[in-house]
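2 protein chains.
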Amino acid sequence: MRAAIVIGTGLIGTSAALALAGRGVQVYLEDHDPTQARTAAALGAGTDEAPAGPVDLAIIAVPPAHVAATLAEAQRRELARGYLDVASVKGGPRRELEALGCDLSHYIGTHPMAGRERSGPMAGTADLFEGRPWVLTPTRETDTEVLNLALELVSLCRAVPVVMDADAHDRAVALVSHTPQLVSSMVAARLAGADETAVRLCGQGILDVTRIAASDPRMWIDILSANPGPVADVLAEVAADLDETVQSLRSLQSADEDKRRGGVTGIEDVLRRGNTGRARVPGKHGAAPTAYETVTVSIGDEPGQLARIFADAGRVGVNIEDVRIEHATGQQAGLIQLTVEPKSVPGLTVALRERGWSLRP
Amino acid sequence: MRAAIVIGTGLIGTSAALALAGRGVQVYLEDHDPTQARTAAALGAGTDEAPAGPVDLAIIAVPPAHVAATLAEAQRRELARGYLDVASVKGGPRRELEALGCDLSHYIGTHPMAGRERSGPMAGTADLFEGRPWVLTPTRETDTEVLNLALELVSLCRAVPVVMDADAHDRAVALVSHTPQLVSSMVAARLAGADETAVRLCGQGILDVTRIAASDPRMWIDILSANPGPVADVLAEVAADLDETVQSLRSLQSADEDKRRGGVTGIEDVLRRGNTGRARVPGKHGAAPTAYETVTVSIGDEPGQLARIFADAGRVGVNIEDVRIEHATGQQAGLIQLTVEPKSVPGLTVALRERGWSLRP
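Line order of the protein sequences matches chains P and X. Using our numbering, read the first sequence as starting at 4 and increasing by one per residue. Using our numbering, read the second sequence as starting at 4 and increasing by one per residue.
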């Protein structure tokens, strides 16, 4: 790939442009707001001048609702040999393109699974996609040359290509991304009107469950509006579990022992299915979460404590795979959970104890 | 407080005993399984011999379903001047005690908001309660001397006392602990039968939302069985939001523009209420999560990288309040988010850049 044009210089477009420009591709930048394109150019993502002739690849990085029109216009202008979009849903835009009579053989729908809390070109970064899955949705009509251009883009962005059917993709993101977002918001919403004393009792569990409830509603309305069917289907399944669990809990209040036993069975069932599902969520490097063990250390809050603990771990050659700090409320001390490979646990434990750290048994 | 008896030497009982013993209180240990009491004694939590006469405080640390019978028996044996339990629900046990005709003036229901993934005396630790809320539920009949004994226990365990009504406590934990657990399990349960390719697309959001879905079902059945009413009430409210959101999503698929607009409004409403609720969840030191800012750095996976970054931060006197490592899937690199006070951001950014770190804009 020698030259590419990025249409839409928000977070994703600018990040892809920065990655391509950094690897020697000539990048042209275009945005319906020329200031945004100029900002991206100033960051080193390419030039905001128009290309003299067709480039290799046109990357449409506009919100889902504008993909079809933008792509049709780009093909009308004969901007490139191949075209792709990077919107977070794939089925709807594809059907709109069909309706507009676009050339689908030179188009491929893609979705890089990367994002941030921030948006706009200023938040763009060349390594945004490193190691992340980048979904490609070729069909039988997709030209092989266009598929290869898309694979080259993914490779230049250091992402991991995953080939899927467009509708399967939309069902998958409904399951692993859109549903968790809405459910997190709904749990957090219950706190909006809660007593201050109740809120004081929040612990690490609800902190984790509600973290993404802080996300930007406008961005999520765009995403959900483009994928309403699959999200509604998954949410309806959650709703069925929820209704059954409410019934199970009510049964626990019954005077009838059989009913109570039925309630326990119902609750146990949902908790066990939760265990099974959670065990499938890939952790670091795609490994199952159970592939690692944790070592828990009490720490104070003075500057330098974390540095000391990591230095002490590094001194015995132990690599910390992940770290969680659990904070006590109302005071300074906290706990730090170090995730390491099981073989590293004994050495790390001894080394930290020798250096005066207080470990949880 | 000179002497105390702990009945039930699991995680909570043993941890309280270790804290008391460490601060010079004579602790007697009892368990329906004498091996457990002996294990706790061997860990330095006290003696598993019986006290010669009444002690100051009896701490009933048995599962919720056994609190009333154990307490009635302890009062019959005249073991102490004051009695308390540490079960995670408070209304039910209190009503059972009333039914058994116990002396309620010398009893106070309490709940330390601390726990771990592990259970049993071996998991016990003297600092388990440090900085955590410890709920006390005195009533008008509670003897002041008994309230003061409970406050002394909380203080010796370095916890933070919070006074609440027993039923308000049960509603609060239904809201901030029991409901998030069940909802996390339900989101995770949807992954149990998902395609492998879909599971590969999991990102940080679903990782956080489903973390507690890995919890032990047996422990949660005990907790939920003791608090079914309040949990069912909160879950029913979540179910109402969920049903409405499914309707909103279906409206987005409508050909009628008014319907679609109504759908957007419904989804925006639940997302915004989620923002409001999330903003109330206390972060470190009880501060709102917005009181801090994050600095994001790209790191490799070699041992010592985290140590270096913390050392570099410590060198300019910046205290890292929290840290999150976000891992790329399928490769070694990752991102680290450092949470610091806003005033520390400029100095930290400059210092890290000077030392060669690659920062996200």
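Virtual Cβ for every residue (Gly too), placed ideally from N, Cα, C.
Item                                                                                                                                                                      : Value
Would you report the Cα separation of ASP88 of chain X and HIS114 of chain X, rounded to the nearest angstrom?                                                            : 8 Å
Just checking: is the beta-carbon of THR17 of chain X within a distance shorter than 8 Å of some beta-carbon in chain P?                                                  : no
Between the beta-carbon of ALA7 of chain X and the beta-carbon of LEU23 of chain X, is there less than 8 Å?                                                               : yes
Using a beta-carbon distance cut-off of less than 7 Å, what residues from the segment 243-271 of chain P approach chain X?                                                : ASP244, LEU245, ASP246, THR248, VAL249, LEU252, ARG253, LEU255, GLN256, VAL267, ILE270 and GLU271
What does a CB cutoff of less than 6 Å around GLN308 of chain P pick up in its chain, not counting 5 residues either side in sequence?                                    : ILE302
Determine the direct distance from the alpha carbon of GLN39 of chain P to that of SER18 of chain P, and round the result to whole angstroms.                             : 13 Å
Restricting to runs no shorter than 3 residues, where is the beta strand (DSSP E) found entirely within the segment 145-188 of chain P?                                   : 163-166
What residues in its chain sit with their C-beta under 7 Å from that of GLN29 of chain P, if we drop five residues either side in the sequence?                           : ARG5 and ALA6
Which one of X:ALA77, X:GLY11 and X:VAL267 has the shortest CA to CA distance from ALA64 of chain X?                                                                      : X:GLY11
Taking 8 Å as the limit between beta carbons, can you name the residues of its chain near LEU14 of chain P, skipping five residues before and five after?                 : GLY118, ARG119, ARG121, SER122, GLY123, PRO124, ALA126, GLY127 and LEU131
Can you tell me whether LEU103 of chain X is buried or exposed? The criterion is at least 16 other CB atoms within 10 Å of its CB, across all chains shown.               : exposed
Any idea if ALA55 of chain X is buried or exposed, counting beta-carbon neighbours within 10 angstroms, 16 or more meaning buried?                                        : exposed
Cβ closer than 9 Å: which chain X residues qualify as neighbours of ALA235 of chain P?                                                                                    : THR248, VAL249, GLN250, SER251, LEU252, ARG253, LEU255 and GLN256
For ARG214 of chain P, which of helix, strand or coil comes out of DSSP?                                                                                                  : helix
Straight-line CA distance for ALA129 of chain X to GLY47 of chain X?                                                                                                      : 10 Å
Quick one, are the C-beta atoms of ILE215 of chain P and VAL212 of chain X less than 8 Å apart?                                                                           : yes
From the DSSP output, read off the bridge partner residues of TRP137 of chain X.                                                                                          : X:PRO115 and X:PRO164
How would you call LYS346 of chain X, buried or exposed, if buried means at least 16 neighbouring beta carbons within 10 angstroms?                                       : exposed
Given that a residue counts as buried once 16 or more other Cβ atoms are within 10 Å of its Cβ, and exposed if not, what is HIS35 of chain P?                             : exposed
Give a yes or no on whether 8 Å exceeds the smallest Cβ distance from ARG214 of chain P to chain X.                                                                       : yes
Just how far apart, CA to CA, sit ILE111 of chain P and GLU329 of chain X?                                                                                                : 29 Å
Is ALA20 of chain X close to chain P? Criterion is C-beta to C-beta, closer than 8 Å.                                                                                     : no
Distance check for ARG318 of chain P and LEU355 of chain P, CA to CA, integer angstroms please.                                                                           : 10 Å
LEU355 of chain X touches chain P at which residues, Cβ-Cβ below 7 Å?                                                                                                     : Here the premise fails: no neighbours, minimum Cβ distance about 13 Å.
Here's a check: name, in chain order, each residue in its chain whose Cβ is nearer than 6 Å to the Cβ of THR3 of chain P, leaving out the five neighbours to either side. : Since the first and last residues shown for chain P are 4 and 364, residue 3 of chain P lies out of range.
For chain X, is any of its Cβ atoms less than 8 Å away from the one on ASP1 of chain P?                                                                                   : Because residue 1 of chain P is not part of the residues shown, which for chain P are 4 to 364, the question remains open.
Going along chain X in order, which residues have a C-beta closer than 8 Å to the C-beta of TRP223 of chain P?                                                            : ILE270 and LEU274
Using a Cβ-Cβ distance cut-off of 8 Å, determine whether CYS205 of chain X contacts chain P.                                                                              : yes
Can the beta-carbon of THR140 of chain P be found less than 8 Å from the beta-carbon of ALA169 of chain P?                                                                : yes
On the DSSP bridge assignment, give the partners of ALA7 of chain P in chain order.                                                                                       : P:VAL30 and P:LEU60
Got a sec: is the Cβ-Cβ distance from VAL326 of chain P to anything in chain X below 8 Å?                                                                                 : yes
With distances taken from CA atoms, which of X:VAL300, X:LEU227, X:SER158 and X:ALA217 is nearest THR182 of chain X?                                                      : X:LEU227
Pairs of beta-carbons, one from the segment 78-88 of chain P and one from the segment 149-163 of chain P, closer than 8 Å: are there three or more?                       : yes
Of all the CB atoms in chain A, is at least one closer than 8 Å to the CB of ASP34 of chain P?                                                                            : Absent from the structure: chain A. Protein chains present are P and X.
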